[in-house]
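Novice:
In the numbering used here, the protein residues as written are 6 to 125.
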């Protein structure tokens, strides 16, 4: 599976997503882009991706977005992980972006050092 293109879940209006896609283009790395708002991650995908990301489910939340503010910090703090996963599957704008998926790695957000380490 290493010759498959990375999957990038991205939102067109997201500056961080644009930065990540520009980084891939600058490195000459072709990616498959999936619009996260139209096609948020499924529960099965998150079940596989969250452990691969080595991040707790709460670190998958886009805490600076309107969707997060609509739910409210208090409700999020009181929620069980299963409920947060359900919210993430229902609203792509609630997911911290971009999400980059390869056969071995899942990166959440844009961290140039992590990208360089993962993609060389």
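Note that the Cβ used here is the ideal one computed from N, Cα and C, for glycine as well.
What do you get for residue 46, buried or exposed, if any count of 16 or more other CB atoms within 10 angstroms of its CB means buried?
Specialist: For this step, residue 46 is matched to residue 41 along the chain shown. Residue 46 is buried by the Cβ-count criterion.
Novice: Using the Cα positions of residue 94 and residue 26, report the straight-line distance between them to the nearest angstrom.
Specialist: Here residue 94 refers to the residue found at position 89 when the chain shown is read from its first residue. Here residue 26 refers to the residue found at position 21 when the chain shown is read from its first residue. In a straight line, the C-alpha of residue 94 is about 23 Å away from that of residue 26.
Novice: Quick one: does residue 101 have its CB under 7 Å from some CB of chain D?
Specialist: Absent here is chain D; the protein component of the structure consists of one chain.
Novice: By a C-beta neighbour count over all protein chains shown, 10 Å radius and 16 as the cutoff for buried, is residue 102 buried or exposed?
Specialist: Within the chain shown, residue 102 is the residue found at index 97, counting from 1. Looking at its Cβ environment, which holds 16 or more other Cβ atoms inside 10 Å, residue 102 is buried.
Novice: Between the Cα of residue 44 and the Cα atoms of 65, 125, 13, 76, which residue gives the shortest distance?
Specialist: As a position in the chain shown, residue 44 is number 39, starting the count at 1. Of the listed residues, the one whose Cα sits closest to residue 44 is 13.
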